[in-house]
Ligand code: SF4
Ligand code: SF4
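Residue numbers (this note's numbering), protein chains in the order written: chain A, 1 to 321; chain B, 1001 to 1489.
Right under this line is the structure:
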């Protein structure tokens, strides 16, 4: 790359946490600003859409794009940044695999509008109004972007070169990713970067003893032993089905992993892998008994696909039409 | 009719936009704050185990996940009819106080200070945190970074992570605070009390000592009498974590004081087809449109509102500052929205003092931090004060504790109506006969809503940042007539 790499950060349908997480590299932000030319960064710098539109295609070296594709506006910007960027990185769980907001794929626009604008008990809406994309006010017309039925990942919308997992990516991992770009030391296109090559269990300090369980517990039901593996105490933990990289943070608070770093290397469907990991700790003599124990798990879809539904083989509940 | 669009105003669950319409005479006819994003948590939280909601709803906002975590955990306590042990509640409040220190520090220095320290019509190139630091000294910048770092370290200590921390669960907290950890927290809390006092001194020297700024605070475009909302303790003092919601009228008289479970008797939400966000108002007063005053159900829920709605602060240094603010501004309630910045640093001082009090509480390191729920789950409401307003989570579950209904009234949305009014007022005061007076206008309009610290402004938290603001003047056919921009590359 001639000169400093030109870098952009952008966000679509997300909570803002990925942007805040970048800041958590703390004072190294200044090193980053030295090493690269940051041309767009809503959290730290001002920008406007027109500037991006006016740029030549491919004139951004790397764009870190966070957030899922929830609306027509998100999609428009995903296409725009794809065209303008040589390398497009899906940064964070929403862009990578849909994240928690991807659970909306268990419903659709109509279902969401019905609850949010009509059913919620604080809503006073006798005319049963819902937002519309064009609306005539007395003073003129106001527009809204179309809200889609389905949450899509960035990679389901435009071709993506790399993905950084995590909700949000942890600061030390983000720093490693920025360094890799600056030094030009990148793995093949299509790789997951900013994470480990094992599972969360490999980084976890809770000790596994190859114990089996007869019963599963929800987090509020028991006080677990702080030293032992949570899954082996019957608390559903996504550690075995989740890529390493965060440093096994959640178990340090005596709470299970929920899988925000996505599937480990070689696994396509995190939920399927998770289910088999859970089944492997069940202590049962017969298949019926095993099935009975596994059926105690509350909300299997929302548990096994907490972060990855939009990217999974299931992807969404079937639409009626 | 001409339309002026300010687009984008950065994050509030995504992007936001202000459309200002001019009439034939070129006067401001109306202004609309349009929120073009929705994610639908109320729907997809249905079917989830309720104890997972503190972790799930934290993803509503990456800027104040701590507020959702706490409101959700409290709603879960109510659903399970469980009362956390004293140390569990105190640890939650300790965690939450540390969060307030980080959040209010960030807002005051990064978003608020540039206007007051550099001046509202200073060159945008210096009207930012770097300009502030250049003027007040590098040492101050270092303190701001340190305040944030110390707060985040406390959050991580109890919540394992900084963005989207965990740890609050039905019945209490998932782990206790050790004696060694407590020593570190105490040390940070003492540092933060000093830092908050330093911040107030800075505000005295740079703002209150300057007549021009005081006049600006007191000027008409930034004055908006409405109802005010805030959580109070049993002595009607400000509390962020627990208590009853008190609402006072524009004269400062109590309208109502309600427990979380009674929120539906008091707050309703309106749906407008031109925005994805719902607009809350006081149910008993009713919706009378985007207007302030005693007959309109519009209320504000901001740091200033909390101070207006309370009788005082629960800690001594903050109480002294509280009294001084009302003396200086002519008594209670204060309707000047720009005084919100002052209220915010009084709250910063309170949060630091409260944090210190809690670290000195002999019970704080008690190992008993959670009560295991035994009753059948049903329904519950949890309310905390998010930095940007009263935050309500309401869940109904089946007997298994799977959520069947989820309703959320989040911090910033409380202020959608007053923000819209403030923006309209500022625009009306500044745009005359279709003439957009100056580039300074953009900042003056922006200041009208920046005081509320709407979550969209949080996108600029923590680094040199200004909200990008662009005013487009369009004629009735949508033709671009003129464009002014501020702080845009
Ligand atoms: S299953 Fe969970 S608790 Fe057990 S080792 Fe893996 S990450 Fe740790
Ligand atoms: S432990 Fe699991 S859920 Fe927690 S941060 Fe790590 S990958 Fe994410």
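Backbone N, C-alpha and C define an ideal beta-carbon position, used for all residues, glycine too. Note that this is a predicted model, so its numbers are computed, not measured.
Check whether residue i and residue j have beta carbons under 8 Å apart
i                       : j                       : result
residue 1323 of chain B : residue 1346 of chain B : no
residue 1102 of chain B : residue 1151 of chain B : yes
residue 1109 of chain B : residue 1066 of chain B : no
residue 349 of chain A  : residue 63 of chain A   : The displayed coordinates of chain A run from 1 to 321. Any statement about residue 349 of chain A would go beyond what the structure contains.
residue 309 of chain A  : residue 105 of chain A  : yes
residue 1164 of chain B : residue 17 of chain A   : yes
residue 1107 of chain B : residue 1344 of chain B : yes
residue 95 of chain A   : residue 66 of chain A   : yes
residue 1402 of chain B : residue 1042 of chain B : no
residue 162 of chain A  : residue 112 of chain A  : no
residue 1017 of chain B : residue 1034 of chain B : yes
residue 70 of chain A   : residue 135 of chain A  : no
residue 227 of chain A  : residue 200 of chain A  : no
residue 294 of chain A  : residue 278 of chain A  : yes
residue 1155 of chain B : residue 1185 of chain B : no
residue 1044 of chain B : residue 107 of chain A  : yes
residue 1256 of chain B : residue 122 of chain A  : no
residue 1224 of chain B : residue 1420 of chain B : no
Identified DSSP bridge partners for residue i
i                       : result
residue 88 of chain A   : A:63
residue 1393 of chain B : B:1382 and B:1408
residue 1492 of chain B : Nothing can be reported for residue 1492 of chain B, as the shown portion of chain B is limited to 1001 through 1489.
residue 147 of chain A  : A:71
residue 1173 of chain B : B:1168
residue 1490 of chain B : A question about residue 1490 of chain B goes unanswered here, because the residues of chain B that appear run from 1001 up to 1489.
residue 199 of chain A  : A:243
residue 163 of chain A  : A:90 and A:192
residue 1257 of chain B : B:1246
residue 1079 of chain B : According to DSSP, which records beta bridges pairwise, residue 1079 of chain B is partnered with nothing at all.
residue 37 of chain A   : A:6
residue 1049 of chain B : B:1402
residue 217 of chain A  : A:235
residue 349 of chain A  : Since the first residue of chain A shown is 1 and the last is 321, residue 349 of chain A is not available in this structure.
residue 1370 of chain B : B:1172
residue 1223 of chain B : B:1336
residue 1282 of chain B : B:1267
residue 228 of chain A  : A:207
Minimum C-alpha distance to residue i - residue among the options
i                       : options                           : result
residue 1338 of chain B : B:1066, B:1216 and B:1180         : B:1216
residue 253 of chain A  : B:1369, B:1206 and B:1205         : B:1369
residue 76 of chain A   : A:87, A:237, A:60 and A:50        : A:50
residue 14 of chain A   : A:298, A:26, A:68 and A:266       : A:68
residue 91 of chain A   : A:8, A:251 and A:83               : A:8
residue 3 of chain A    : A:184, A:215, A:268 and A:229     : A:184
residue 326 of chain A  : A:238, A:195, A:232 and A:12      : No statement about residue 326 of chain A is possible, as the shown extent of chain A runs from 1 to 321 and does not include it.
residue 1291 of chain B : B:1377, B:1238 and B:1031         : B:1031
residue 141 of chain A  : B:1135, B:1298, B:1294 and B:1021 : B:1021
residue 1295 of chain B : B:1250, B:1075 and B:1181         : B:1250
residue 1025 of chain B : B:1406, B:1446 and B:1433         : B:1433
residue 100 of chain A  : B:1046, B:1157, B:1225 and B:1111 : B:1046
residue 1372 of chain B : B:1399, B:1076, B:1286 and B:1447 : B:1076
residue 84 of chain A   : A:235, A:177, A:159 and A:290     : A:159
residue 1297 of chain B : B:1119, B:1274, B:1248 and B:1273 : B:1248
Residues that residue i contacts on chain D, provided the C-beta gap is smaller than 9 Å
i                      : result
residue 244 of chain A : Reference to chain D is not applicable here, since the protein chains of this structure are A and B.
- Taking 8 Å as the threshold, find out whether the segment 1246-1262 of chain B comes into contact with the segment 1363-1383 of chain B through three or more Cβ pairs. yes
- Item | Interface positions of the segment 103-129 of chain A facing chain B (Cβ-Cβ less than 7 Å), listed along the chain | 103, 104, 106, 107, 111, 112, 115, 116, 117, 120, 121, 122, 123, 124, 125 and 129
- Item | Chain-ordered residues of the segment 1167-1179 of chain B with a beta carbon less than 8 Å from chain A | 1167, 1169, 1170, 1171, 1174 and 1175
- What are the residues of the segment 1035-1056 of chain B that lie near chain A, defined by any Cβ-Cβ distance shorter than 7 Å? 1036, 1037, 1038, 1039, 1040, 1042, 1043, 1044, 1047, 1048, 1049, 1051, 1055 and 1056
- Going along the chain, which residues of the segment 1258-1281 of chain B sit with their C-beta nearer than 8 Å to a C-beta in chain A? 1263, 1264, 1267, 1268, 1269, 1270, 1271, 1272, 1273, 1274, 1275, 1276, 1278 and 1280
- Query: Which residues, in order along the segment 1014-1033 of chain B, keep a beta-carbon less than 7 Å from a beta-carbon of chain A?
  - Reply: 1014, 1019, 1021, 1029, 1030 and 1032
- Message: Check whether the segment 1087-1094 of chain B and the segment 1173-1182 of chain B are in contact - that is, three or more C-beta pairs closer than 8 Å.
- Response: yes
- Would you say the segment 258-276 of chain A touches the segment 212-228 of chain A, given that touching needs at least three Cβ pairs under 8 Å? no
- Query: Listed in chain order, which residues of the segment 3-21 of chain A have Cβ atoms closer than 9 Å to some Cβ of chain B?
  - Reply: 11, 12, 13, 14, 15, 16, 17, 18, 19, 20 and 21
- Message: Using a Cβ distance threshold of 8 Å, determine whether the segment 1299-1319 of chain B contacts the segment 1226-1242 of chain B, with at least three qualifying pairs required.
- Response: yes
- Message: Output needed in chain order: residues of the segment 252-277 of chain A with a Cβ under 8 Å from some Cβ in chain B.
- Response: 252, 253, 254, 255 and 258
- Against chain B: residues of the segment 139-166 of chain A by CB proximity under 9 Å: 139, 140, 141, 142, 143, 144, 145, 147 and 151
- Answer yes if the segment 1204-1223 of chain B comes into contact with the segment 1275-1288 of chain B, meaning at least three C-beta pairs across the two stretches below 8 Å, and no otherwise. no
- Is the segment 260-276 of chain A touching the segment 241-249 of chain A in the sense that three or more CB pairs, one from each, lie closer than 8 Å? yes
- Okay, do the segment 1348-1367 of chain B and the segment 1187-1197 of chain B touch, 3+ Cβ pairs below 8 Å being the bar? yes
- Query: What residues from the segment 287-303 of chain A come within 7 Å of chain B, judged by C-beta to C-beta, listed N to C?
  - Reply: 298, 299 and 302
- Item | chain A contacts from the segment 1141-1163 of chain B (Cβ-Cβ distance under 8 Å) | 1145, 1149, 1152, 1158, 1159, 1160, 1161, 1162 and 1163
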